[in-house]
Amino acid sequence: MQIISSYGVELRKQNIPIRQTLEIYRSAVSYLIGIYVQVWEKLAEIPDAKRRFNAAEHLVHTTKKNHACFDFDIRFSKMPSYLRRSAIRHALGTVSSYKTRLDLWEKTDRKSGKPKLVYENHAMPVFYRDVMYREGAEGKDEAYLKLYDGHDWKWFCVRLEHTDMEYLRKCWSGKKASAPTLEKRHRKYFLRFSYKEEVTLTKTPVKEQIICSVDLGINTDAVCTIMRADGTVLGRRFIDHPSEKDRMYRTLGRIRRSQREHGSAQTQGRWAYTKRLNTELGKKIAGAIVRYAEENHADVIVFEYLEMQGKISGKKKQKLHLWRKRDI
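Residue numbers (the UniProt record's numbering): 1 to 328.
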């Protein structure tokens, strides 16, 4: 079985034109969306995805054997070919999704809102190796990116977070990473690398497997039970993180007091902090479950099915909304 893992490496604050590069890439995607929605009927007649992409590229890019119908090359001159193709793929996917949703809406009773084509996008560029991205010297926390400085595309040396690079050297050394994708979180920029792994699943017969049964709770984070296929219980552990939950509940208390005194407009930052605490709590619970299953050589981890549809009411409403059962 193939597993894909990813890790984001933070770009340290420095004077590099990341924002200008992101703006011109998103402008290119928006411009291409406007073009392809006009000619979608012709593009939709091409069933093969590769041929459709080639036809879409010929509409906007001039070569010795092809004259473009639109002035993309003039508007976005010297844009690297791999970045242009990435923008074309994103634009084609956006228009295709819009047309599919529009067809479904027209076939139904049209009671729901009509789908809209959004030109303003949040596309993030991919820095393809050798042409957009180059690794720095061995052992150094740096890389080279091809960025747009407002006039031309140039190579810039980018300093990377030392702790992130140490993690990659320790855990992913010798494994090939895919082309990094630019990512923005909490007003910071990251390069997200993806790694592929081949994992062999257990071949133990079902009746001989050891099961780790997990009962997720609200007050107690999780109860893990190790058992055999015939129901024999081999061990049990209660997983709880009281200090992390106390920290989150104190933050929720501050939010309630602030809302009573000043309204909800000034609590956005505290809600974001609470969300991050809750996300980290879910990661810790999941890690504790996996570690306990590994300690007992469990072949499979089993969760109960939790049906949570419908309106939630009662005194535990907030706890249920913050319950990260799906993430775990």
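Just so it is clear, CB atoms sit at the ideal spot from N, CA and C, and this is done for glycine as well.
Here the structure is a predicted model, which is why all the values come from computation and not from measurement.
Query, Result
"Taking DSSP as the reference, what is the three-state secondary structure of T220?", "coil"
"Would you decide whether A293 is buried or exposed? Buried here means 16 or more other CB atoms lie within 10 Å of its CB.", "buried"
"Is the separation between the beta-carbon of L281 and that of K317 shorter than 9 angstroms?", "no"
"What are the partner residues of L11, as DSSP defines its beta bridges?", "L160"
"Which whole-angstrom value is the C-beta distance of E183 and G34, which I expect to be below 8 angstroms?", "No, E183 and G34 are not in contact; Cβ-Cβ is about 26 angstroms, not under 8 angstroms."
"Can you have a look at F127 and say buried or exposed, based on whether 16 or more other CB atoms are within 10 angstroms of its CB?", "buried"
"Given a cut-off of 9 angstroms on the beta-carbon distance, is the pair A28 and R84 in contact?", "yes"
"Report yes or no: do three or more beta-carbon pairs, one from the stretch 70-81 and one from the stretch 109-125, lie closer than 8 angstroms?", "no"
"To the nearest angstrom, how far is it from the Cα of T94 to the Cα of R51?", "18 angstroms"
"State the Cα-Cα distance for the pair E45 and A55, rounded to the nearest angstrom.", "11 angstroms"
"Measuring CB to CB, does D221 end up less than 9 angstroms from A143?", "no"
"Tell me where the alpha helix (DSSP H) around E280 begins and ends.", "268-295"
"May I have a chain-ordered list of the alpha helix (DSSP H) segments no shorter than 4 residues that lie completely inside the stretch 13-72?", "18-38, 40-44, 49-60"
"Which first and last residues belong to the alpha helix (DSSP H) in which L147 is found?", "Counting along the chain, L147 falls outside any alpha helix (DSSP H), though it belongs to the beta strand (DSSP E) covering 142-148."
"How many angstroms separate the CA atom of V118 from the CA atom of S97?", "11 angstroms"
"Taking L216 and K325 to be in contact with their CB atoms under 8 angstroms, please state how far apart those CB atoms are, rounded to whole angstroms.", "5 angstroms"
"On the DSSP letters alone, give me the boundaries of the alpha helix (DSSP H) that E261 sits inside.", "242-262"
"Which of the three DSSP states is assigned to G235 in this structure?", "strand"
"Compute the beta-carbon to beta-carbon distance between Q2 and K196, rounded to the nearest angstrom, for a pair I have assumed lies under 8 angstroms.", "6 angstroms"
"Tell me whether the beta-carbon of R12 lies closer than 9 angstroms to the beta-carbon of L160.", "yes"
"If M132 sits next to T181, beta carbons under 8 angstroms apart, how far is it from one beta carbon to the other, in whole angstroms?", "Contact doesn't hold; Cβ gap of about 11 angstroms is too wide."
"May I ask you to list the residues that DSSP assigns as paired with Q2?", "E198"
"A56: beta carbon under 8 angstroms from a heavy atom of the ligand FAD?", "Of ligands this structure carries none, so the ligand FAD is not represented either."
"Closest to T279 by C-alpha separation, out of M227, Q38, A298, D327, would be which residue?", "D327"
"Note the first and the last residue of the continuous beta strand (DSSP E) segment covering Y133.", "133-135"
"Look up Y189 in the DSSP assignment and say whether it is helix, strand or coil.", "strand"
"According to DSSP, is E304 helix, strand or coil?", "coil"
"By the 10 Å Cβ neighbour count, where 16 or more other Cβ atoms means buried, how is F193 classified, buried or exposed?", "buried"
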